[in-house]
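The structure under discussion appears below in the form of structure tokens.
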Amino acid sequence: MALARAISAIENRTYGWAELLKALFPHTGKARIIGLTGAPGSGKSTLVDQLAKHYRKQNYTVGIIAVDPTSPYTGGAILGDRIRMQDHHADPGIYIRSMATRGSLGGLARATADVATVIDASGRDRILIETVGVGQDEVDIVRLADVTVVILVPGMGDDVQTIKAGIMEIADIFVINKSDREGAERVEREIRALQSLATRNDGWTPPVVKTVASNGIGTKELADAIAGYEAYLKRENLALKKNVENWQQRLIEMLRDAMLEKARAQMDGANLERYAAEVAEHKRDPYTLVEEIVRGTAG
Ligand SMILES: Nc1nc2c(ncn2[C@@H]2O[C@H](COP(=O)(O)OP(=O)(O)OP(=O)(O)O)[C@@H](O)[C@H]2O)c(=O)[nH]1
Ligand SMILES: [Mg+2]
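Heads up, the sequence shown is in the numbering used here, so the first residue is 1 and it goes up one at a time.
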């Protein structure tokens, strides 16, 4: 399949990968990118699955990117995801890609962005990105998304408290999955309480949707909430603004990657060791050295 080959070429930085992305970029921007993040086991894959089915019924084509299913938290998930996703194998309208490349070339967020670019250019209407909400990588990944869904589950004690640190701010929509369990109301109250403490710049109050992903309850409500947020951004003329803000961050990341790459090119392991020794022995000051490396004149 051409799509899978293109993604592999870009992931592996096969010769010509950058030219490929340049050629694809003008064809992107049409897909709606929806990021879904939440704690390990909160039901992200199950929910993504349900949403994908929902969108297919509306005749939208779907791409799914499952990020980092091999994290230490979720060792077996890649197999589980594959088995579950076999459902879709007969349907060419759903394309699924797993990213298991944390720490790879250019970083996970960058790799995910590149894959999303290829899928977008291939003409998919909806791209669903599943990512475990644990760190900065995830915050960077959701920056690609037009809409970010944060998934919480009842009965995780201080879940809302812990998740508040990085993830609360990025939620455009909250899902309380596993609402068949005790405590969904409490989670909702906690979210509402946190929301009352701070208002967002864009004036949007993230809705809270209760779901039972394992039997499809609440999927339509979630899809409606996603559409509702998109409509709000459009109505308030905020869609472009949000996109510009995201690109500011992404451009800085891309620049950082490119410049680091450039510095590394002049500084192989042996050089680095020599520089470090010279600095440690005070034969050289690190400030001038870094300037020289940046200029490409370090000897
Ligand atoms: N009771 C209940 N179980 C659910 C619900 N949604 C998902 N599950 C179950 O929860 C387990 C984890 O679901 P996944 O969809 O794999 O969760 P995930 O967040 O993708 O997990 P990781 O990718 O490993 O982080 C599975 O056994 C699901 O069947 C729900 O609404 N209620
Ligand atoms: Mg999963």
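Glycine residues also receive a C-beta, built at the ideal position from the N, C-alpha and C atoms.
Any non-hydrogen atom of ligand 2 within 6 angstroms of residue i CB
i	result
residue 45	yes
Alpha carbon of residue i to alpha carbon of residue j, nearest angstrom
i	j	result
residue 285	residue 291	10 angstroms
residue 178	residue 148	19 angstroms
residue 58	residue 93	11 angstroms
residue 238	residue 116	22 angstroms
residue 188	residue 230	22 angstroms
residue 248	residue 146	15 angstroms
residue 29	residue 112	15 angstroms
residue 61	residue 252	31 angstroms
residue 119	residue 281	51 angstroms
residue 209	residue 5	37 angstroms
residue 227	residue 10	31 angstroms
residue 197	residue 183	22 angstroms
Residue i CB to nearest heavy atom of ligand 1 below 6 angstroms
i	result
residue 41	yes
residue 146	no
residue 132	yes
residue 212	yes
residue 180	yes
residue 243	no
residue 59	no
residue 12	no
residue 177	yes
Top-ranked residue by Cα proximity to residue i, from the options
i	options	result
residue 225	238, 215, 204, 240	204
residue 152	112, 116, 120, 171	171
residue 246	32, 141, 59, 208	141
residue 99	12, 277, 47, 30	12
residue 176	44, 22, 21	44
residue 296	262, 269, 211, 275	262
residue 169	195, 181, 183	195
residue 250	91, 260, 49, 143	143
residue 243	7, 10, 54, 32	32
residue 7	180, 52, 65, 50	65
residue 49	258, 215, 114, 154	215
residue 35	121, 123, 63	63
residue 240	202, 127, 272, 192	202
residue 108	15, 257, 125, 275	257
Cutoff 6 angstroms; reference residue i; Cβ partners in own chain excluding five residues on either side
i	result
residue 181	154, 155
Close-in-space but distant-in-sequence residues of the same chain around residue i (CB under 7 angstroms, 5 per side omitted)
i	result
residue 213	43, 46, 47, 50, 177
residue 277	none
residue 21	10, 114, 117
Beta-carbon contacts of residue i that lie in its chain and below 8 angstroms, excluding the five residues immediately before and after
i	result
residue 300	For residue 300 there is no data in the structure shown, the boundaries of the chain being 1 and 299.
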